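Enquirer: What follows is a structure written as structure tokens; I'll ask about it next.
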Amino acid sequence: MARTGRPRSFDRDTAVRQAMHLFWEYGFEGVSLEQLRQSMGGISSASFYAAFGSKEALYRTALERYGATHGKVMLVLHDEGLLPRERIEQALRRSAEMQTDPAHPTGCMITLSSTICSVDGGSVQALTLAERAANREAIRTCVDAAIKDGALRHDTNRAGLTTLFDGVLVGLSIQARDGVSHEDLDAGVTQALAAWDANSGRP
25 MARTGRPRSF DRDTAVRQAM HLFWEYGFEG VSLEQLRQSM GGISSASFYA
75 AFGSKEALYR TALERYGATH GKVMLVLHDE GLLPRERIEQ ALRRSAEMQT
125 DPAHPTGCMI TLSSTICSVD GGSVQALTLA ERAANREAIR TCVDAAIKDG
175 ALRHDTNRAG LTTLFDGVLV GLSIQARDGV SHEDLDAGVT QALAAWDANS
225 GRP
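Under my numbering, the first residue of the sequence shown is numbered 25, with each subsequent residue one higher.
This is the structure we're talking about:
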């Protein structure tokens, strides 16, 4: 069947990147359909829905883009070629650097864009909740591995240490958005790692 109607007058890849930045900066509910359309060159609502289906569907796509680009700093948590402590340290330090980069909105999109939503935003919240839970589980896996191989004492409070580093990771987003410098965030990571060293199972 021949295509009918006016073709979309925007580049989809660029549109998704612009939407990602808007959601990252203002949150899912803080961005209007009008803002999204204008960021794409003022396309019509019909063109928007034809391209993305809905605002929520675009948000899902933007989250995927974030995970495949800026969010890749967290993949080091799964790098079994590094020691568990190194995985956590690199994840935190890389995250602090990424979240304070002036080339894009500060903070972490996963933490900031849908933490607070209306009663109708449950499905959106579930997306980022799952991502944060996955990061928390990856940190827990690092702690468990270190206890198993003797890098941490066998009586280490694994839940407490996991919660500490997960809290630091999430807290970086708020502090970066508040304008705390990369240098100060990185220094905070160093102090947090002292808690790991205090539980070291090796001299």
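Yeah, the Cβ is synthetic: ideal placement off N, Cα and C, and Gly gets one too. Predicted model, so just to flag it, every value in this text is computed and none were measured.
1. Would the stretch 64-74 count as touching the stretch 154-172 if we require 3 or more Cβ pairs under 8 angstroms?
2. How would you write the range of the alpha helix (DSSP H) that threonine 165 sits in, first residue to last?
3. Entirely within the stretch 100-128 and at least 4 residues each: give me those alpha helix (DSSP H) ranges in chain order.
4. Along the alpha helix (DSSP H) that carries leucine 196, what are the first and last residues, could you check?
5. Under a Cβ-count criterion, where at least 16 other Cβ atoms within 10 Å of its own Cβ denotes burial, should arginine 111 be classed as buried or exposed?
6. Would you mind stating whether glutamine 42 and serine 63 have Cβ atoms separated by less than 8 angstroms?
7. Fully enclosed by the stretch 56-95, which alpha helix (DSSP H) runs are 4 residues long or longer?
8. Give me the Cβ distance between leucine 87 and leucine 151, rounded to the nearest whole Å; I'm assuming they're in contact under 8 angstroms.
9. What number of angstroms, rounded off, separates the C-alpha of threonine 139 from the C-alpha of glutamate 53?
10. Can you find at least 3 beta carbon pairs, one from the stretch 204-219 and one from the stretch 181-195, that sit closer than 8 angstroms?
11. Could you say which of Ala200, Ala175 and Arg164 lies nearest to threonine 187 if we only look at CA atoms?
12. Report back the beta-carbon spacing between methionine 133 and alanine 115 to the nearest angstrom; my notes put them in contact at under 8 angstroms.
13. Is it buried or exposed for lysine 79, if we count other Cβ within 10 angstroms and need 16 for buried?
14. Would you tell me roughly how many angstroms separate the C-alpha atoms of threonine 135 and arginine 201, rounded to the nearest one?
Expert: Answer, in terms of the structure:
1. no
2. If you number the sequence shown from 1, residue 165 lands on position 141. Unbroken alpha helix (DSSP H) run through threonine 165: 146-172.
3. 108-123
4. Translated into positions along the sequence shown, residue 196 becomes position 172. 182-201 is the span of the alpha helix (DSSP H), which, as asked, contains leucine 196.
5. Start at 1 with the first residue of the sequence shown, and residue 111 comes out as number 87. With 16 or more Cβ atoms within 10 Å of its Cβ, arginine 111 is classed as buried.
6. Counting from 1 along the sequence shown, the entry for residue 42 is found at position 18. Counting from 1 along the sequence shown, the entry for residue 63 is found at position 39. Yes, these two residues count as a Cβ contact at 8 angstroms.
7. 57-63, 69-76 and 79-92
8. The residue given as residue 87 occupies position 63 in the sequence shown. The residue given as residue 151 occupies position 127 in the sequence shown. Indeed they touch by this definition, with Cβ atoms about 6 angstroms apart.
9. In the sequence shown, the residue the question calls residue 139 occupies position 115. In the sequence shown, the residue the question calls residue 53 occupies position 29. Their Cα atoms are separated by approximately 10 angstroms.
10. yes
11. Taking the sequence shown and counting its residues from 1, one reaches residue 187 at position 163. Threonine 187 has its Cα closest to that of Arg164, out of Ala200, Ala175 and Arg164.
12. Sequence index remark: in the sequence shown, residue 133 carries index 109 (1-based). Sequence index remark: in the sequence shown, residue 115 carries index 91 (1-based). With 8 angstroms as the limit, methionine 133 and alanine 115 do not qualify as a contact, their Cβ atoms being about 16 angstroms apart.
13. The count along the sequence shown starts at 1 and reaches residue 79 at position 55. With 16 or more Cβ atoms within 10 Å of its Cβ, lysine 79 is classed as buried.
14. Sequence index remark: in the sequence shown, residue 135 carries index 111 (1-based). Sequence index remark: in the sequence shown, residue 201 carries index 177 (1-based). Approximately 11 angstroms, taken between the alpha carbons.
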